[in-house]
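In what follows, a structure is listed as C-alpha cells, so that the remarks can point back to it.
In full-length UniProt numbering, the protein residues as written are 1 to 395.
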C-alpha cells in the first residue's frame with residue numbers, strides 16, 4: 001500500500017510539474033504577444049466579444065478550397081451574411097430551372113411547381129396537378145411556358161400567364177419520368193423514364209410521334225443539343241447516349257463509365273458535353289467532359305467530390321476569362337472547375353443543406369442550387385478578390 005501511495009504521489013507531482021511548465025510557456029507566449037501588439041483595455045475587450053457573439057449568430061460560415069495557377073491548394077473560411085426569403089417549398093426540392101433572367105421554376109416532393117423571382121425574393125405562382133414528387137423541369141426558351149415531369153408517370157405543360165391548371169398533360173411512360181428536353185425550335189419534347197424508353201412528342205398536337213427503348217437504359221437526364229436534331233441522354237447503365245430525333249435512333253454511345261451517370265449538359269456552342277457520376281467516399285463522384293464533334297473522345301475529368309455528383313452545368317463565358325463548369329453533389333458542396341485543365345477553382349460548402357440535387361445558371365453572375373433541407377440557394381460569382389462563390393440568399 002505504501003508503495004502504491006508513493007507511486008501515485010510521484011505521478012501527481014509529475015503532472016503538476018508538467019502543468020507548471022505548460023503554464024509558463026503560455027505566459028511567455030502571451031507576454032511576447034503583448035510586447036508585439038498594444039493591449040486593449042479589458043472593458044473594450046469585453047464589448048468586442050459581446051458584439052462578435054451577436055454577429056456570429058447572424059452570419060453563415062462556409063469553407064472552400066482554391067486551386068492556384070501554380071498548383072497549390074488553399075483552404076479558406078468564408079463568412080457571409082445571406083438573406084432568408086420566404087420558402088418556395090415545404091419539402092425537399094428535386095429540381096430548379098431558369099425561366100428567364102428574373103424567374104426560376106422549381107419542383108419537389110411537395111408535388112408542386114413554383115415560379116419564383118429570385119432577384120426580389122417573391123413567389124410569383126404555384127402550380128398544382130401532379131399526384132407525386134416532381135422530378136424534372138424544362139422551360140420553353142423565350143416564353144412563359146414550362147414542363148414538369150413526375151413520379152406519377154406524367155408530364156404537364158404550364159403557362160405562367162394562364163391559369164394554375166396544366167395546359168397539356170402527356171401520358172405514355174410506365175414508370176417515373178426522369179428526363180425532359182425541349183427542341184431548339186420549341187416544336188418537340190423528348191421525355192425519358194426508368195421504363196427504359198424515350199418518347200418524342202409533337203407539341204402542336206400533343207401526340208407521341210416516336211418511341212425508342214433499350215434494355216436496362218434507365219434514363220436519368222436529357223438535354224437537347226443547340227441548333228442540332230440530337231438529344232443527349234445519361235443513364236443508370238453507366239453510359240451517355242446521343243439520339244437522333246429524326247426517327248429517334250441512337251447515333252452514338254460514349255465509352256461506359258464505372259458509375260451511374262446522373263446528369264448531363266451541353267455547351268452553348270454544341271461542341272462539348274459533360275456528364276457526372278454517382279459514388280461514395282471519393283470513388284466515382286466525378287464529372288467528365290466529352291467531345292461532341294468528330295472524335296467524341298473523353299476530354300477531361302473533374303475529381304474532388306466525396307459523394308454522388310447530382311448536377312453539372314457549363315457556366316457562361318462572361319463569368320471568367322477561362323471556360324468553367326460547375327457541379328453540385330450530395331456532399332453539400334458546389335464546385336467550380338477550369339474546364340480545360342480540370343483544376344478545382346473553388347469549393348463552396350452549404351452546410352446543413354443535405355444532398356444538393358440540381359444546378360441552374362441564373363444570369364452571368366448567378367447560380368441557383370436546389371437542396372434537400374434548405375430549399376433553393378442563390379449563389380453569386382464574385383471576381384472582386386479573385387474568383388469566389390458566395391451564397392447570397394435561400395428560399
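For each residue, glycine too, the CB sits at the ideal point set by N, CA and C.
Here residue 147 has 138, 155, 157 and 180 as same chain residues with Cβ atoms under 6 Å from its own Cβ, once five neighbours each way along the sequence are excluded. In the structure shown, the three-state DSSP call for residue 303 is strand. With contact defined as three or more Cβ pairs closer than 8 Å, the segment 100 to 120 and the segment 312 to 330 are not in contact. Per the coordinates, the alpha-carbon of residue 126 lies some 5 Å from the alpha-carbon of residue 114. Between residue 172 and the set 192, 188, 162 and 182, the nearest pair of CA atoms involves 192. Between residue 265 and residue 300, the C-beta spacing is not below 8 Å. Its chain contains 364 as the residues whose beta carbon lies nearer than 6 Å to that of residue 316, once the 5 sequence neighbours on both sides are disregarded; these appear in chain order.
Close CB contacts of residue 88 within its chain, under the 8 Å cut and outside five residues either way in sequence, are with 106, 114, 116, 123, 375, 376 and 395 (chain order). Residue 143 carries a coil assignment under DSSP once its states are collapsed to helix, strand and coil. In this structure, the beta-carbon distance from residue 199 to residue 211 falls below 8 Å.
Assignment of residue 175 by DSSP, reduced to helix, strand and coil, places it in the coil class. Boundaries cannot be given for residue 372, as no beta strand (DSSP E) includes it and DSSP labels it neither H nor E. Taking the Cα positions, residue 384 is about 44 Å away from residue 245. In terms of Cα proximity to residue 121, the closest of 346, 153, 132 and 86 is 86. Going by DSSP, residue 309 is part of the beta strand (DSSP E) stretching over 309 to 314. In the structure shown, residue 164 adopts coil according to DSSP, grouped into three states. For residue 356, the enclosing beta strand (DSSP E) starts and ends at 356 to 363. Between the C-alpha atoms of residue 233 and residue 175 there is a straight-line separation of about 17 Å.
In the three-state reduction of the DSSP assignment, residue 125 falls in the strand class.
Straight through space, the alpha carbons of residue 190 and residue 213 are spaced by roughly 13 Å. A residue is called buried when at least 16 other Cβ atoms come within 10 angstroms of its Cβ; residue 185 does not meet this threshold and is exposed.
For residue 335, the secondary structure class from DSSP, reduced to helix, strand or coil, is strand.
Per the C-alpha coordinates, the member of 311, 208, 291 and 205 positioned closest to residue 242 is 291.
Taking every protein chain shown into account, the CB of residue 227 has fewer than 16 other CB atoms within 10 angstroms, so this residue is exposed. At a Cβ-Cβ threshold of 8 Å, residue 255 and residue 298 count as neighbours. Contact between residue 313 and residue 361 holds, with the beta-carbon distance rounding to 6 Å and staying under 8 Å. According to the DSSP assignment, residue 325 belongs to the beta strand (DSSP E) that extends over 324 to 329.
About 18 Å separates the Cβ atoms of residue 359 and residue 318, ruling out a contact at the 8 Å cut-off.
Judged by DSSP in its simplified three-state form, residue 136 adopts strand. In the DSSP assignment, residue 291 falls within the beta strand (DSSP E) that extends over 286 to 291.
About 5 Å separates the CB atoms of residue 219 and residue 178; that is less than 8 Å, so the two are in contact. Of the residues 372, 390 and 386, the one whose Cα lies closest to the Cα of residue 378 is 390. Under the three-state reduction of DSSP output, residue 235 falls in the strand class. Under the DSSP definition of a beta bridge, residue 83 partners with 393. As the crow flies, the alpha-carbon of residue 382 is around 11 Å from that of residue 346.
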